[in-house]
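Residue numbers (this note's numbering): 34 to 328.
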């Protein structure tokens, strides 16, 4: 039985044709899931200058043009055997509009194209994608790069450095989500852990043999945990990757060198005030040449 029964694709029509449509359609066709495409249109400030009656007419004409285009896309997808529906709606606040759709439709997966923002804007306001990663209650599939529409290589990026039960459970959800995606897409499943090398850099500057021994001991223990985790989930030896380096850099380089289509990672849900600094998963969005599925 397919893991996915309902997929929700959010597109921004003002940005033109989204490659996320192709990715979502390929996944829907492979899994047999029903696909709903919601095109959310930010309110146009210029319309506020018009009289009420003229404003409503202008809004309706604007939406109808987009509806006609989306209906054409819907017809094309139906011709490919995909069960698809679509709608166009105004969104006064984009993040809340998306979360409202998720709450109403209860999809198995939210799909959206990565929205690239400047470093300054991300630091000051947090991007829409970052906010969705924190607050969306379902897995978020953010389409980026030029990978295959239907993934051929899926990487589950886990963190075996912490032993808390909650952390272990998240690793389990990551590998299960990645495995299900790989099975449905007939893709290769790889498992990766990136070990930060800060201790090893320090040992080069120190004469202390204790620091060197400690660093090597930690690395050995982590590698042992990683291999045990890989065996637990039946990942073949040639698809287990224990790499050294900062997670963002290591994952980006691995994805580029190995032509990865999707990286599956964990995320932390967050309520309340937004924090200004992104996690590894958030920064990965703007570094890797592929899509990211955040669990």
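Every residue, glycine too, gets a C-beta built ideally from N, C-alpha and C.
Determine the direct distance from the alpha carbon of residue j to that of residue i, and round the result to whole angstroms.
{"i": "residue 43", "j": "residue 129", "result": "12 Å"}
{"i": "residue 210", "j": "residue 289", "result": "22 Å"}
{"i": "residue 66", "j": "residue 286", "result": "33 Å"}
{"i": "residue 255", "j": "residue 226", "result": "9 Å"}
{"i": "residue 125", "j": "residue 74", "result": "8 Å"}
Any idea if residue i is buried or exposed, counting beta-carbon neighbours within 10 angstroms, 16 or more meaning buried?
{"i": "residue 131", "result": "buried"}
{"i": "residue 300", "result": "buried"}
{"i": "residue 265", "result": "exposed"}
{"i": "residue 306", "result": "In this prediction, residue 306 has a pLDDT of 42, which is less than 50 and means its spatial position is unreliable; what the coordinates show is noted afterwards. Exposed, because fewer than 16 other Cβ atoms sit within 10 Å of the Cβ of residue 306."}
{"i": "residue 104", "result": "exposed"}
{"i": "residue 175", "result": "buried"}
{"i": "residue 333", "result": "In the structure as shown, the chain begins at 34 and stops at 328. Residue 333 is therefore absent and cannot be evaluated."}
{"i": "residue 170", "result": "exposed"}
{"i": "residue 136", "result": "exposed"}
{"i": "residue 326", "result": "buried"}
{"i": "residue 40", "result": "buried"}
Please confirm whether residue i and residue j have their CB atoms less than 8 Å apart.
{"i": "residue 281", "j": "residue 323", "result": "no"}
{"i": "residue 69", "j": "residue 165", "result": "no"}
{"i": "residue 263", "j": "residue 224", "result": "yes"}
{"i": "residue 168", "j": "residue 64", "result": "no"}
{"i": "residue 213", "j": "residue 36", "result": "yes"}
{"i": "residue 141", "j": "residue 38", "result": "yes"}
{"i": "residue 94", "j": "residue 121", "result": "no"}
{"i": "residue 59", "j": "residue 182", "result": "yes"}
{"i": "residue 316", "j": "residue 277", "result": "no"}
What does a CB cutoff of less than 8 Å around residue i pick up in its chain, not counting 5 residues either side in sequence?
{"i": "residue 111", "result": "117"}
{"i": "residue 114", "result": "62"}
{"i": "residue 221", "result": "185, 186, 187, 215, 272"}
{"i": "residue 321", "result": "177, 178, 284, 285, 288, 289, 293, 296"}
Once you ignore the five residues that flank residue i on each side, which residues in its own chain have a CB closer than 6 Å to its CB?
{"i": "residue 328", "result": "172, 206, 207, 210, 299"}
{"i": "residue 155", "result": "Bear in mind that a pLDDT of 49 at residue 155, under 50, signals an unreliable position, so the number given afterwards is only what the model happens to contain. So the list is empty, once near-sequence residues are dropped."}
{"i": "residue 274", "result": "225"}
Near residue i, which residues of its chain fall below 7 Å by C-beta distance, leaving aside the five closest residues on each side in sequence?
{"i": "residue 147", "result": "162, 175, 176, 177, 318"}
{"i": "residue 53", "result": "42, 44, 144, 145, 146, 176"}
{"i": "residue 313", "result": "280, 281"}
query: Which runs of the alpha helix (DSSP H) fall wholly inside the stretch 264-297 and span at least 4 residues, in chain order?
result: 280-290
Q.
Restricting to runs no shorter than 4 residues, where is the alpha helix (DSSP H) found entirely within the stretch 64-149?
A. Counting only runs that start and end inside the stretch 64-149, the alpha helix (DSSP H) elements of at least 4 residues fall at 85-112, 127-138.
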